[in-house]
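Q: This is the structure I have questions about; it appears just below.
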Amino acid sequence: DDKIGVIFFSDKIEKFIPAKKGRKHILFIIRELLACKPESKKTDIGMALKFLNNTIKKKATVFILSDFISPDFSKPLKITAYKHDISGIFIYDELEKEIPNVGIINALDPETGKNYWLNTSSKKQRNKYKNWWTKHEDNLKQTLNKSKVDLVKLSTSVDYVKPLVQFFKKRA
Numbered sequence: 004d005d006k007i008g009v010i011f012f013s014d015k016i017e018k019f020i021p022a023k024k025g026r027k028h029i030l031f032i033i034r035e036l037l038a039c040k041p042e043s044k045k046t047d048i049g050m051a052l053k054f055l056n057n058t059i060k061k062k063a064t065v066f067i068l069s070d071f072i073s074p075d076f077s078k079p080l081k082i083t084a085y086k087h088d089i090s091g092i093f094i095y096d097e098l099e100k101e102i103p104n105v106g107i108i109n110a111l112d113p114e115t116g117k118n119y120w121l122n123t124s125s126k127k128q129r130n131k132y133k134n135w136w137t138k139h140e141d142n143l144k145q146t147l148n149k150s151k152v153d154l155v156k157l158s159t160s161v162d163y164v165k166p167l168v169q170f171f172k173k174r175a
């Protein structure tokens, strides 16, 4: 019997569905989620948090589902965490953690749209990427911890139910 709303965002607000109750509303949100085709491939969590703060005046339970590859959002997160109960849901693919040694590949950065050649045979290149990923995870944990925001990590390669159940039991 809770009200549910959604903000779909990239580096801009793609769609905002205000919170409402009811089965029809939930089905509408699911349809919109499945049909959502963002206009932009970039991500700006800070902008979405500012929109949330300006739009939602009553205290809310907020879940941010993202890979959290975004410009710094620590200040708007701190403000939002003061007003609302926030949890970060970090969604990633195991293949994002390391680049396999498969030779020279043409890679596309979905955030910038840039194409570039990458020599995955180079241990230096693979280590550089692996270090970037580790730093990204560490920075995310630090940013969320500073704002007292809980984090659950969900890999696309495993069932999400068990980690979510553990997360909510921990929060209870």
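Positions 4 to 175 (my numbering) are the ones given, in order, by the sequence shown.
Every residue gets a Cβ at the ideal spot worked out from N, C-alpha and C, and that includes glycine.
1. Suppose contacts are defined by Cβ-Cβ distances below 9 Å. Is T58 in contact with E97 by that definition?
2. Report the residue ranges of all alpha helix (DSSP H) runs contained in full by the stretch 36-116; include only those spanning at least 4 residues, in chain order.
3. Give every residue of the same chain whose Cβ lies closer than 6 Å to the Cβ of S90, excluding the five residues on either side of it in the sequence, and list them in chain order.
4. Measure the C-alpha to C-alpha separation of K18 and N109 and round it to an integer number of angstroms.
5. Look at the alpha carbon of L80 and the alpha carbon of N130, and state the distance between them as a whole number of angstroms.
6. Considering Cα atoms alone, identify which of K78, P21, E35 is closest to L147.
7. Within a Cβ cutoff of 8 Å, which residues of the same chain sit near T123, ignoring the five residues on either side of it in sequence?
8. Per DSSP, which residues does V9 bridge with? Please list them.
9. Look at the Cβ atom of I217, then the Cβ atom of I7, and state whether they are nearer than 9 Å.
10. Going by the DSSP bridge assignment, what does D153 pair with across the sheet?
11. Looking at C-alpha atoms only, which residue of K24, D70, P166, D4 is the closest neighbour of S13?
A: With the structure as the only source:
1. Cβ distance not < 9 Å, so T58 and E97 don't count as in contact.
2. Listed in chain order, the alpha helix (DSSP H) runs fully inside the stretch 36-116 are 48-58, 77-86, counting runs of at least 4 residues.
3. Result list for S90: F66, D153, in chain order.
4. Roughly 33 Å separates the two Cα atoms.
5. Their backbone Cα atoms lie some 31 Å apart in a straight line.
6. Checked all of K78, P21, E35; the closest Cα to L147 is K78.
7. The residues I102, P103, N104, V105, G106, I107, I108, R129, in chain order, have a CB closer than 8 Å to that of T123 in the same chain once the five nearest residues on each side in sequence are set aside.
8. DSSP output for V9 lists I20 as bridge partner(s).
9. Residue 217 is absent from the structure shown; the chain starts at 4 and stops at 175.
10. Note: D153 sits in a beta bridge opposite S90.
11. Per the Cα distances, D70.
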